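Structure first, then comments.
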Amino acid sequence: MTHAPALTPEVLTTLIALVREHTGIAMTQRKSILLERRLQPRLQELSLHSYQDYLDRVVSDRDEVAHFIDLVTTNDTLFFRTPQVWDYFRDRYLPGWTRAHPGQTLKIWSAAAASGEELYSIAMLCEQFQQQVPSFRYQILASDISQQILGLAKAGQYSGRSVERIRLSHPDLLRKYFTASPYGVQVNQQLKQNVSFALHNLLEPLRPPQRFDLVFLRNVLIYFDAEHQETVLRQARHSLKDDGRLILGESETIARLATGYQFEFPMIYKTAEA
Ligand SMILES: C[S@@+](CC[C@H](N)C(=O)[O-])C[C@H]1O[C@@H](n2cnc3c(N)ncnc32)[C@H](O)[C@@H]1O
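So the sequence shown is numbered by this note's numbering: it starts at 363 and just counts up by one.
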C-alpha cells in the first residue's frame, strides 16, 4: 500500500477552502494530519498519487463532492447525549407544548442528525409520551449534509459505543424499541413511522420550506466560523414557528451573535424578533 506524499501547505490551503465552500466548516492549517488520515484511503480507492490529484478530481467531478463531504465531516453522536436536554424535552417541553397546541401535530427537526441517535432518542420519548396522551401526534425531519451518514441514520442499525451507551442509560427503551440483529441492534419500525430524511446543507434554505416547533441544532455550530454560524442560525430561524424553540449543544452559545433568539434555559432558546 503506497501513501501519497504529505500535504503541501499550498494544497492544504486549497483543501481547507474547498471544505469551507462545500460544507461551511472552518478548518485551520492544524487539521493537516486529520485531513490526510481521512482522505488517504479515498486516494487509494481512486488510484490517485497526490492530494493535488484528488483536489483536481473534487473540482472537476461533481459526484466526488459527495464523497469529499462524507470524509471531511465529523459525525460523532450518541443516544440521549447531554441528559439535561432530554429531561427538558420529556418533562417540560412535551407536556407544555401539548397543553398549548391541542389537536396539532408536533413538528421537530433534527438538523444535523449524523447517524440518527439523536432523532431516535426524540422518537422514543415521543412514543413514550403518546402512551400517556394517546391523541399526541408528532413528525420528525432528520437531515444532514453527509449522504453516507444519512444512509446510516435511515438504516437505524447500531453497535459498539452507541449500543453500550443506551444500554447503560435507558435499558428499558433499548429493550422496547430495538431488536437484536447480527450487526448489533436494529431500530424497530415503530420509531421510523413518523420520520422523514433529507440531504441538506444548513447554510442553505430548507427545500421545500417547512416550519417546525422545535429544532435540534446540536454540536454542529462549533464547526463553523462566526459568519457561517450566523447564516445557519438565520436559516434555522426561517424554519421555526414564532413560538418555536432551538436546542444547541452544550459547548455552543449564540450570545454574541446577532440572531433572532432569546435565551430560555441553558442550551434552549426561544424565537424572538430579529
Ligand atoms: C458532531 S455531529 C452532531 C450530531 C448530533 N446533532 C449530536 O449532537 O449528537 C455533526 C453533524 O453535522 C453535519 N454537518 C456538518 N456541516 C454541515 C452542514 N453545513 N449542513 C448540514 N449538516 C452538517 C455533519 O455531517 C455531522 O453529521
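Quick reminder that beta carbons are idealized off the backbone N, C-alpha and C, glycines included. In this text, all values refer to a predicted model and were calculated from it rather than measured experimentally.
Whole-Å CB distance - residue i paired with residue j, under 8 angstroms assumed
i	j	result
LEU380	TYR413	Actually they are not in contact, since the Cβ atoms of LEU380 and TYR413 sit about 11 angstroms apart, beyond 8 angstroms.
THR376	LEU417	6 angstroms
LEU639	TRP471	This structure cannot settle anything about residue 639, because the visible part of the chain is limited to 363 through 636.
LEU565	HIS590	6 angstroms
GLN501	THR467	6 angstroms
THR637	THR385	Within the shown structure, residues of the chain are numbered from 363 to 636, placing residue 637 beyond reach of any answer.
LYS516	PHE559	5 angstroms
Continuous alpha helix (DSSP H) stretch holding residue i: start and end
i	result
GLN458	It should be noted that the sequence gives Gly, not Gln, for residue 458. Run containing GLY458: 456-462, per the alpha helix (DSSP H) assignment.
GLU419	In the sequence on display, residue 419 carries Arg and not Glu. It spans 413-422 - the alpha helix (DSSP H) in which ARG419 sits, taken as one unbroken run.
VAL525	522-531
GLY513	509-517
ASP449	445-449
ILE502	From DSSP, ILE502 is part of no alpha helix (DSSP H) but of the beta strand (DSSP E) over 499-506.
GLN490	479-494
Beta-carbon gap between residue i and residue j smaller than 7 angstroms
i	j	result
VAL557	ALA474	no
LYS469	ASP575	yes
LEU487	ARG527	no
LEU512	LEU561	yes
TYR585	ILE378	no
GLN519	PRO567	no
ARG720	LEU610	Since the first residue shown for the chain is 363 and the last is 636, residue 720 is missing from the structure and cannot be characterised.
MET629	VAL447	yes
THR621	LEU602	no
VAL549	VAL525	no
ALA485	LEU553	yes
ALA366	LEU405	yes
ARG400	LEU374	no
PHE498	GLN492	yes
ARG529	LEU536	yes
SER321	TYR545	Here the chain comprises residues numbered 363 to 636, so residue 321 is not present and cannot be evaluated.
Continuous beta strand (DSSP E) stretch holding residue i: start and end
i	result
PHE540	540-543
SER472	467-472
PHE442	Neither: PHE442 is in no beta strand (DSSP E) and is coded neither H nor E.
LEU576	574-579
LYS632	630-633
SER558	557-561
GLN551	No beta strand (DSSP E) contains GLN551, which DSSP labels as neither H nor E.
Given 8 angstroms, three or more beta-carbon pairs between the segment 426-439 and the segment 465-480
yes
- Message: Restricting to runs no shorter than 3 residues, where is the beta strand (DSSP E) found entirely within the segment 581-628?
- Response: 602-610, 623-627
Practice item. Kindly confirm or deny that the segment 419-437 and the segment 507-520 touch, where touching means at least three C-beta pairs closer than 8 angstroms. Key: yes
Alpha helix (DSSP H) runs wholly inside the segment 364-400, at least 4 long, in chain order
Those alpha helix (DSSP H) runs which fall completely within the segment 364-400 and span 4+ residues are 371-385.
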